[in-house]
Structures are given as structure tokens and as C-alpha cells.
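Chemist: Adding 1104 to a residue's 1-based position in the sequence shown gives its number in the numbering used here.
Beta carbons are placed, not taken as given, at the ideal position from N, Cα and C, and that holds for glycine.
Shown below is the structure under consideration.
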Amino acid sequence: MTFTILRICLLWALVSLHFAGGAALFRRLAPRESPWFGYIIPFIVLCLICNFVEHFLPITTLMWLTPVTGLGSLWLILRPGFSWRGLLLPTVVFLGSFAFVLFVRSLRPTVVSDSDGVAECNLISNYLFGETLPPTESWMPPYKSTHYHTLMYYPASVMIRMFHLDIGTGYNMACAVLSTLICYLASAVAYQLSRGKVWLTLLMPLLIESTGTGCSFYVWMTTTGDYNPFLMGDVMYVFDNPNYHNVITHFLSPVGFWDRRDLQVPGFWSWAGGYQDDVAGQFLTLYAIWCLTELLRRKVSNWPWISLVLLPVYCLDISAWVLPIMGLIFIAGAVSVWWHKLLPRNPRFVLFSIGAALILLMPTLIDFLTISNGLASPAWTTPNIRTQLGEFILEWWPVTLMWLSLFFLWRRLPVSVWCLMIVLPLMFLLVEFVEVYFRPITTGKLWGDIYGGAYVAFLPIVVMRRWWPYRTIAALVIVTTLLSFPYWITHAWRTASWGQDIFHLEGEGPLHWDSRKAEMFHVLNQFHNQIIVTGRPHAEYDESPSLSVFTHNRNYIAWSDRMLIWTEPNGAEQIRRNLTINALYDGKLLDPLRFLRLRNITALVIWPDDHIPDNTLNQLKIQLAPAYEYCNYRDDGGENAGVFVYRPQLATLPPSADPIIHAAPDANGTPFSIGE
């Protein structure tokens, strides 16, 4: 336990040193720009450069860069004449937020298969095999990963390669850094709009980490039973559950569970964990709001212009869901600077930087435009699935109340707040009347961005007013927000895996709790960048592919429904692989040895949940004996479990060049044949 805690502290210090060094470098190169940009711009520039280079030259490791950047950061921070003036408050906010979020992630670091964690680790690991981009999809080689937000996983791979982290630790660190930057940007906006109120700037990360919906604190305080605050995004489900009796239930019309909307506010992801486009969308939204406030404060600058122009382009392959918000904020900023006749400090530098960034991003944009499977078409919503008035008031009253109160201050508001008072409600109406895929996904992706952006932008203005109605509104919003914090932290503390994987950022807990899985993990960990089969292909949320992810190998087919999204237009190939592997585990594949060798499959896992009967397993042992050694890990009275491992010294039969895999007839007598 002591070693694991020490390791976390060292990782926190090492990552913090690099971010602080980047901020010091930015401060030195751009002394007249806002120092708050220092913790964001350098890392983005590093990732863009690496991404551009890796489209032409594979980068297997970046450990050689770590001593250079580490010593350079120390020199920038400790050099004579360096001043923390202007940079001290951003540094305190970043270091404090990072320490807290990393502590929360350390309480529950396991990457579980009943959420998207294993799939997110896979998307990160795609970049770690030392090949030019776009990367090969590790769950369906040799096809390329064409998922529409692959770019957001690249920074995590950069951090893993710089600090030589395992995939689980890198994933948890990436989650913590992204959540930290959300808190950091919220403080930056608060500092700007509150005209430098330090107490609100320092309080804002805690408010972000405590933020629930408008009714979350009430539900948690009045609901009988052990309500799980990690389901905060589905908090309205409580009102439809007959096991929870609440007076508000009587004021809402009952609807089906899947018709309820998810309001996943920014703080949700720090506790629940996640490194996906939802989190990236909230980061991009707050970053755009920060750039807008910095751009329209009438102080001549460069980087707000650069960032605000590039953000709509970046979100195409990071989180395309927030493209409408980025577009509206960009239009609002463009109209405002034209109306007030604002110009950047150095227009040539701004144009050069935008051009350079677009050149660095061009290979990724080409990948996106040529092989991406695109986005679903929007459709109009029907009245029966739109938000009920009562539900809207219950969940949105904090930001709605602040929004209404600001109309009485219209003439004294900053221009950026004018823009946001128009953009954010307009975006909410757009989500209300238009859906993509279907309603819960659309609101789950965008409601948190709108709510978090409005909360961060409106609260500082309300707090600044001394008139008692505004003091009352500010106190009401802050107190109800902070009341949610005890529920978050106590539940995280109660559900921490004290006897298993707490503080173990590797996230491999489930693969070590079962002795059979631990043995299989140990065997597969001896390989690297090999193609394996980890069990029957399930649609998604299956645990077995974690064997390939955490052992740094590839999977012949896994989470097959996700492969329909990530590797289109190869849906037919996904179906073939599904049928072939299922036939293999059912004992219907006529020549499994030939199939495994044709596909260069190094290991075949008999997963405990595959329920392979003894006769089928014995048949596989006989068929694969000429080239595969079977390692058995079956418990007495339990399901079969083990691994067939390819041993070149056993191979007596050369692989056939026959491209057709024939199989024995199925139970109905129908011949089974897979064309490969």
C-alpha cells in the first residue's frame, strides 16, 4: 500500500512538473497573454506535433523526451528572475484540482467492463503499437480504426509513452488530467468574469466537483434506500421507480426509462470516471467560453483568436457532438469583434499560428474525411419525448434562475455574457427540437455541456452584485451545489475496493481477483502485439477483451457491435468473424488449426463464461495439438478455463493457402461455411 501511494504521488509530481514547466515556458514566450493559457497550449502543441510526425514516422516511445522536458521545466521554474506573478493562482488551481481528482480516481481505479472503460483503453492502445497513423483497430486487425473521435485518445497515448506507463495507469491518469482541465477552465472563466475574485476562483473547482442537477440534493436527502449518486445522470429515474416514494413524483407524468433525459454535468465524470467524447465535449465547451470571455474583455491579445478559430475544426475529430455549440460561440465572437472593431495584437502571428495548426492537423482531417463512417442524420423530435416543464424546472432551475436575473443587468453585463445568454438557451432549444440517433443520447451528450457552460458563465456575474436578491440567488445556488458534495465523497469512500485494488492505478483488478483469469493474464502477458482470441464475441460490455488490452495484444474480434461503428464499411467482415469464432467454440469448425494459423492467431482463450462443454474442449485439444499447447486452469466443479498457446516447435503442419474455411453441419444439418 505504501509503495502504491508513493507511486501515485510521484506520478502527480511528474505530470504537474511538466504542466507547470509548460506554463512557465508560455509565460516567457508570451508575457502579455493571459497566464491561464499556459496549462493548456503547450500540451496541445506537443500533441499536434507528435500526431503530425506519426502520420509519416512511427513513434514507438517518447521516454527520451521526458528527461529533456523534465529538466527544462525545472530550469524554467527555478531560473533566476522567474516571477510567479500572474501564474501563481492558475498553478494553485491546477495542482489542487489535479491532486483531488487523482485521489478520487485512486479510490475506484478498476477499469470495469460494464462501462466504456475497456473500450476506451483499447482506443488508446491503438496508438501504442509503433505504426504510422491512422492506427490499426486492435479489436479487429488489420482494419484501420475509423472512429469519429479517435483524435481525443491520442494525447493519452502521448502521456503513456512519455512516462512509460501501463495502459491502465495511463487511462486513469488521462481521466484525471481531463477532469482537472475542466475544473481549471471553470476557474479561469470565474476569475475573468468576477474581475479577479480569488475566493470564487478557488471555490469554483469544488463547485464543479459538487455540481449536480437542480434536484439532485433534494432527491438524495429525501429518497429512501441506498440511492447511488453515480447514477446522477439518470436522477429522474428515481421519480419513475415505485421503490422510491417522493412527493415530486406526483407532479410529473410517468414515462419509460429510455425517454428520460441524462444531465451529466462536468463534475459527474470525475467521480464516475471516463475518457470519452462526453468529457472532451465539456472541456471544449468551457475552453470556448474561456476564449470568448478573454477575447471580448477589450484587452489586445493573440491566443484567444487562435483558439476560437481552431476549436470548431478540432471538435470534428474530438467530439463532433459539440460542433453546434462551437459554431454558435464562434459566430457570436466573430460578430462581437466586428461590431466593436477589435483586432489581435499581432494579426500576422495569429494567421501564421492558425495556418501552422491546420497543417499539423491536416493528416488527421484527411483520415476523418476519407475513411470516417460519418455522423447520423438529425431528425425532428416528437412532442411526447420533449422535456416536461416540471422536469425542466427541477433539473435546470439553478442556471435558469441566474439567467433570468441577469436580464435586469443587461446594460452592465460583459459582451461575452451577452453572447452566452443568447447562445446557450438557443442551443438548449436546438437539442429540444432536434435529435441525433435518439433522444437520450442527444441530451446525454449535450445537456451537460450547456448546463456546465451556463453555470460557470452566469454564477460569477450574480456573485459580483451586492443587491440582496442577487446575494440570495448566489447563496442558494452555491449552498445547494455544495450539499451534493457529501453524497459524492461518502459514496466514493464506501464503495472503494479497500481489500482489492484501491490506489492500484493499473486498473487490472478483475483479472487478478479470479485465480483462473490471473493465470491466463500471466500467460498472455508474455506476448506483445500478437493476435489472440479471448472468447466468444459479445455485442459489447464483455470482460474477456480486457485480456488483450492489458497485455498489449490484439483481439481477432471483440465487442462486435462497436466494430460496426469503428470499422465501417467492414460490417460484413465483422459478421463473418462473429460466425467463425462462435462456430469454433461450438465445435462446428471443421479445421480450427488451419483457421488459427491462416489468421496468425497466437493464443485461443477458453474464457470461464464461454461455457465450453468437456466434449467440445477435448475435440479442440485433439484438433489443435499439432501446433498449440493447452494450459488448463479449470477449478474443481467449475467451468472450463484455459489458454491454447501456439508453440512453433510443435507445429508439424504448414498453414494451408485455402481461403475458404469449411465447417461441419450445424444441429439442423445445414452446412456451415465461412468465406474469408
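Would you identify the three-state DSSP class for T1170, choosing helix, strand or coil?
Modeler: On the sequence shown, residue 1170 is found 66 positions in, with the first residue counted as 1. Helix, per DSSP.
Chemist: Whole angstroms is fine: what's the gap from G1377's alpha carbon to S1201's?
Modeler: Translated into the one-based positions of the sequence shown, residue 1377 becomes position 273. Translated into the one-based positions of the sequence shown, residue 1201 becomes position 97. Rounded to whole angstroms, G1377 to S1201 spans 15 Å at the Cα level.
Chemist: Could you tell me the boundaries of the beta strand (DSSP E) in which G1746 lies?
Modeler: For the purposes of this step, residue 1746 is taken as the residue at position 642 of the sequence shown. Where G1746 is concerned, the enclosing beta strand (DSSP E) stretches over G1746 to Y1750.
Chemist: Touching or not, the region 1611 to 1624 and the region 1115 to 1132, by the rule of three or more beta carbon pairs under 8 Å?
Modeler: no
Chemist: In the structure shown, what three-state DSSP assignment does R1640 receive?
Modeler: If you number the sequence shown from 1, residue 1640 lands on position 536. Coil at R1640, not helix or strand.
Chemist: Indicate, with yes or no, if the ligand ZN has a heavy atom lying under 7 Å from the CB of Q1723.
Modeler: Because no ligand of any kind appears in the structure shown, any question about the ligand ZN cannot be addressed here.
Chemist: Quick check: the region 1279 to 1289 against the region 1308 to 1328, are there 3 or more CB pairs under 8 Å?
Modeler: yes
Chemist: To the nearest angstrom, how far is it from the Cα of M1266 to the Cα of V1454?
Modeler: Stepping through the sequence shown from its first residue, residue 1266 is reached at position 162. Stepping through the sequence shown from its first residue, residue 1454 is reached at position 350. If I take the Cα positions, the gap works out to 30 Å.
Chemist: In angstroms with no decimal places, state the Cα-to-Cα distance between L1297 and I1565.
Modeler: Within the sequence shown, residue 1297 is the residue found at index 193, counting from 1. Within the sequence shown, residue 1565 is the residue found at index 461, counting from 1. If I take the Cα positions, the gap works out to 6 Å.
Chemist: Start and end of the beta strand (DSSP E) containing V1709?
Modeler: In the sequence shown, counting from the first residue as 1, residue 1709 sits at position 605. Segment I1705 to I1710, the beta strand (DSSP E) holding V1709.
Chemist: Starting from A1483, trace the beta strand (DSSP E) in both directions and tell me its first and last residue.
Modeler: As a working note, residue 1483 is residue 379 in the sequence shown. Element bounds for A1483: P1482 to W1484.
Chemist: W1592 and T1638 - do their beta-carbons sit closer together than 8 Å?
Modeler: Here residue 1638 corresponds to residue number 534 of the sequence shown, with the count starting at 1. Here residue 1592 corresponds to residue number 488 of the sequence shown, with the count starting at 1. No, Cβ-Cβ distance for T1638 and W1592 is not below 8 Å.
Chemist: Rounded to the nearest angstrom, how far is the Cβ of R1658 from that of E1644, given a contact under 8 Å?
Modeler: Position 554 of the sequence shown, counting from 1, holds the residue named residue 1658. Position 540 of the sequence shown, counting from 1, holds the residue named residue 1644. About 18 Å separates the two Cβ atoms, so there is no contact after all.
Chemist: Please go through the same chain and pick out, in chain order, the residues whose beta-carbon is closer than 6 Å to the beta-carbon of N1230, but skip the five residues on each side of it.
Modeler: Position 126 of the sequence shown, counted from the first residue, corresponds to residue 1230. Short of 6 Å from the beta carbon of N1230, and not among the five residues preceding or following it, lie these beta carbons of its own chain, in chain order: P1239, S1242 and S1249.
Chemist: Looking at N1406: is its Cβ nearer than 8 Å to the Cβ of P1448?
Modeler: As a working mapping, residue 1406 is identified with position 302 in the sequence shown. As a working mapping, residue 1448 is identified with position 344 in the sequence shown. Closer than 8 Å, so yes.
Chemist: Looking only at its own chain, which residues have a Cβ that is under 8 Å from the Cβ of T1236, when we skip the five neighbours before and after it?
Modeler: On the sequence shown, residue 1236 is found 132 positions in, with the first residue counted as 1. Excluding sequence neighbours, T1236 sits near E1158, H1159, F1160, L1161 and P1162.
Chemist: Applying the 10 Å Cβ sphere with the 16-neighbour rule, what's the burial state of H1251?
Modeler: The sequence position of residue 1251 within the sequence shown is 147, counting from 1. When all chains shown are included, H1251 counts as buried.
Chemist: If you measure between the beta carbons of V1413 and I1458, is that distance less than 8 Å?
Modeler: Walking along the sequence shown from the start, residue 1413 turns up at place 309. Walking along the sequence shown from the start, residue 1458 turns up at place 354. Contact flag set, yes.
Chemist: Using only the alpha-carbon positions, how far apart do V1172 and H1608 sit?
Modeler: Residue mapping note: residue 1172 aligns to position 68 of the sequence shown, counting from 1. Residue mapping note: residue 1608 aligns to position 504 of the sequence shown, counting from 1. Annotation: V1172 to H1608 spans about 28 Å, alpha carbon to alpha carbon.
Chemist: Is F1693 helix, strand or coil when you go by DSSP?
Modeler: Walking along the sequence shown from the start, residue 1693 turns up at place 589. The sequence given here has Leu at residue 1693, not Phe. Correct three-state label for L1693: strand.
Chemist: On the criterion of 16 or more Cβ atoms from any shown chain inside 10 Å, does F1361 qualify as buried, or is it exposed?
Modeler: Position 257 of the sequence shown holds residue 1361. Model confidence at F1361 stands at a pLDDT of 49, short of 50, so the residue's coordinates are unreliable; what they give is reported in the following sentence. In this structure F1361 is exposed. Its beta-carbon is surrounded by fewer than 16 other beta-carbon atoms within 10 angstroms.
Chemist: Alpha carbon to alpha carbon, how far is Y1750 from I1705? Give it in angstroms, no decimals.
Modeler: What you label residue 1705 is simply residue 601 of the sequence shown in a count that begins at 1. What you label residue 1750 is simply residue 646 of the sequence shown in a count that begins at 1. The straight-line gap from Cα to Cα measures roughly 8 Å.
Chemist: Apart from the five residues on each side of it in sequence, which residues of its chain come closer than 8 Å, Cβ to Cβ, to E1536?
Modeler: As a position in the sequence shown, residue 1536 is number 432, starting the count at 1. Spatial neighbours of E1536 in its own chain (CB-CB distance under 8 Å, excluding positions within 5 residues in sequence) are listed in chain order as T1485, R1490 and T1491.
Chemist: Once DSSP output is grouped into helix, strand and coil, what is the label at T1240?
Modeler: Against the sequence shown, residue 1240 aligns to sequence position 136. Strand at T1240.
Chemist: Which class does R1575 belong to by DSSP, given the choice of helix, strand or coil?
Modeler: Counting from 1 along the sequence shown, the entry for residue 1575 is found at position 471. Helix at R1575.
Chemist: So, helix, strand or coil for N1736, using DSSP?
Modeler: As a working mapping, residue 1736 is identified with position 632 in the sequence shown. Reduced to three states, the DSSP call for N1736 is strand.
Chemist: For the alpha helix (DSSP H) holding E1398, just list the boundary residues, first then last.
Modeler: Mapped onto the sequence shown, residue 1398 falls at position 294. Here the alpha helix (DSSP H) through E1398 covers D1381 to L1399.
Chemist: Suppose contacts are defined by Cβ-Cβ distances below 8 Å. Is Y1275 in contact with C1319 by that definition?
Modeler: What you label residue 1275 is simply residue 171 of the sequence shown in a count that begins at 1. What you label residue 1319 is simply residue 215 of the sequence shown in a count that begins at 1. No, the pair does not count as a contact, with Cβ atoms beyond the cut-off.
Chemist: Per DSSP, K1248 forms a beta bridge with which residues?
Modeler: The residue given as residue 1248 occupies position 144 in the sequence shown. Note: K1248 sits in a beta bridge opposite T1240.
Chemist: For a cutoff of 8 Å on Cβ pairs, would you count G1371 as touching chain D?
Modeler: This model lacks chain D altogether, as it is built from one protein chain only.
Chemist: In whole angstroms, what separates the C-alpha of P1184 from that of L1178?
Modeler: Counting from 1 along the sequence shown, the entry for residue 1184 is found at position 80. Counting from 1 along the sequence shown, the entry for residue 1178 is found at position 74. Each residue's Cα considered, the two are about 12 Å apart.
Chemist: Would you check if the region 1538 to 1548 and the region 1462 to 1477 touch, i.e. whether three or more CB-CB distances between them fall below 8 Å?
Modeler: no
Chemist: For the region 1368 to 1382 against the region 1208 to 1215, are there 3 or more C-beta pairs whose distance is under 8 Å?
Modeler: yes
Chemist: Per DSSP, what kind of secondary structure is N1276 in: helix, strand or coil?
Modeler: As a first step, residue 1276 is located in the sequence shown; it is residue number 172 there, counting from the start. Three-state result, N1276: helix.
Chemist: Answer yes if the region 1287 to 1302 comes into contact with the region 1573 to 1585, meaning at least three C-beta pairs across the two stretches below 8 Å, and no otherwise.
Modeler: no
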